[in-house]
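Asker:
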Amino acid sequence: MCQNQLYRNHSYGPAGVDELTHQPLTSLYCASENLIGHLVQENTELDPTLTKSWNRWLVSLQIFTAPLFMVIILWANSADKNIFILIRMIFCSFIGSILTYLILFLYTSPNKEPKYRFLLCFLGFAVSIAWISTIANEVVGALKAFGVILGISDAILGLTIFAVGNSLGDLVADITVARLGYPIMALSACFGGPMLNILFGVGLSGIYMTIKESTTEEVGNVPYEIEISNTLMISAFTLLVTLLLLLVAVPLNGWIISRRIGWGLIILWSTSTVVNLIVEVSGIGKDSNREL
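Number 72 in UniProt numbering belongs to position 72 of the sequence shown; there are no gaps in the numbering.
1) Is it the case that the Cβ atoms of Ile73 and Ser153 are separated by a distance below 8 Å?
2) My output table needs one value for Lys81: the three-state DSSP class, helix, strand or coil.
3) By how many angstroms is the C-alpha of Ser205 removed from the C-alpha of Leu102?
4) Please go through the same chain and pick out, in chain order, the residues whose beta-carbon is closer than 8 Å to the beta-carbon of Glu279, but skip the five residues on each side of it.
5) Quick check on DSSP: helix, strand or coil for Ser109?
6) Mind reading off the beta-carbon distance from Leu159 to Thr273? Whole number of angstroms is fine, and I expect it under 8 Å.
7) Count the other CB atoms within 10 Å of the CB of Met70; is the residue buried (16 or more) or exposed (fewer)?
8) Spatial neighbours of Gly16 within its chain, please: C-beta separation below 7 Å, excluding the five flanking residues on both sides.
9) By Cβ distance, which residues of its chain are closer than 6 Å to Leu86, with the 5 residues on each side in sequence left out?
10) Taking only three categories from DSSP, how would you classify Ile256?
11) With H, G and I counted as helix, E and B as strand and the rest as coil, what does DSSP make of Ile228?
12) Rank Leu187, Ile211, Ala236, Glu225 by C-alpha distance to the C-alpha of Ile198 and give the top, closest one.
13) Just mark Ala155 as buried or exposed, buried being the case when its beta carbon has 16 or more other beta carbons within 10 Å.
14) Label Pro67 either buried or exposed according to how many other C-beta atoms from any shown protein chain fall within 10 Å of its C-beta, with 16 as the threshold for buried.
15) Would you say the stretch 110 to 119 touches the stretch 77 to 97, given that touching needs at least three Cβ pairs under 8 Å?
16) DSSP on Trp269, reduced to helix/strand/coil?
17) Nearest to Pro110 by CA position, among Thr100, Ser53, Trp131, Ala142, is which residue?
18) How is the alpha helix (DSSP H) around Tyr208 delimited, first residue to last?
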């Protein structure tokens with residue numbers, strides 16, 4: 001539309017002088033916009049790599065720094081802090097980085113993106129996992145220290161600070177998905193996320209601890225004792241009541257999760273959290289913890 005307006009308003013004066021400059025500013029803006037777009041298109045056709053973000057020198061730097069960072073993180077999170085193990089891991093990482101750099105230097109071009117560039121995504125994913133693990137360990141350590149100083153149990157930390165931190169991203173994502181017109185998907189994610197954490201998080205950790213070789217002498221088949229606190233029992237009971245109420249309230253409401261049901265769930269969670277805090281602060285039932 002801008003080009004048609006430009007050509008339609010293009011005229012010459014009596015002396016043959018171009019009168020385009022006397023046209024409205026919108027016509028001049030459209031002309032400059034079309035000219036810039038045309039130049040960008042011509043440059044892209046001449047050099048398709050202008051639209052890419054390939055930088056071989058940056059990738060070469062990441063090939064050396066990413067494995068080194070992951071090796072240091074693995075050594076820092078391991079139980080054995082032997083310095084010779086760290087030196088051995090750094091040496092192996094350096095050898096692997098050199099081999100990868102030689103492959104990158106021989107089979108890639110500095111101006112053309114290789115076809116197998118998507119494999120670098122796995123390296124970025126591994127580095128992201130290392131960062132998440134490091135930050136999570138530091139946050140847990142700091143909150144654990146505050147819990148010991150203030151006399152707050154692990155159950156309360158898990159029910160308040162950790163619960164809010166873990167659920168904040170899910171809350172934003174579920175609300176966004178529901179507003180986009182997929183409420184069933186958002187509701188399924190509310191139950192699927194905790195179920196995944198319980199089954200995979202607790203399940204895989206339990207399997208690992210079961211098959212892990214003991215570092216002490218063999219003592220026979222001794223059961224693993226789990227201390228069940230009152231706050232954990234209250235939380236489990238609240239979760240069970242919430243699921244049962246949803247199974248009854250949603251069908252009675254015509255399979256519609258209305259505002260009343262939402263406020264009821266919020267009130268139920270708030271009540272259970274307040275009760276847990278009261279039980280923890282007052283010390284009710286601390287001496288009668290059950291063991292399973």
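Cβ atoms here follow ideal geometry from the backbone N, Cα and C, with glycine treated the same way.
Answerer: According to the structure shown:
1) no
2) coil
3) 39 Å
4) Just to set this straight, residue 279 is Val in the shown sequence, not Glu. Its chain contains Asn230, Thr231, Ile234, Gly285 as the residues whose beta carbon lies nearer than 8 Å to that of Val279, once the 5 sequence neighbours on both sides are disregarded; these appear in chain order.
5) strand
6) 6 Å
7) With 16 or more other Cβ atoms within 10 Å, it is buried.
8) Residue placement at Gly16 cannot be trusted, given a pLDDT of 47 that sits under 50; the coordinates are not used to answer.
9) Trp75.
10) coil
11) Reduced to three states, the DSSP call for Ile228 is strand.
12) Ranking Leu187, Ile211, Ala236, Glu225 by Cα distance to Ile198 puts Ala236 first.
13) buried
14) buried
15) Taking a contact to require three or more Cβ pairs closer than 8 Å, the stretch 110 to 119 and the stretch 77 to 97 do not qualify as touching.
16) helix
17) Out of Thr100, Ser53, Trp131, Ala142, Ser53 has the C-alpha closest to the C-alpha of Pro110.
18) 203 to 211
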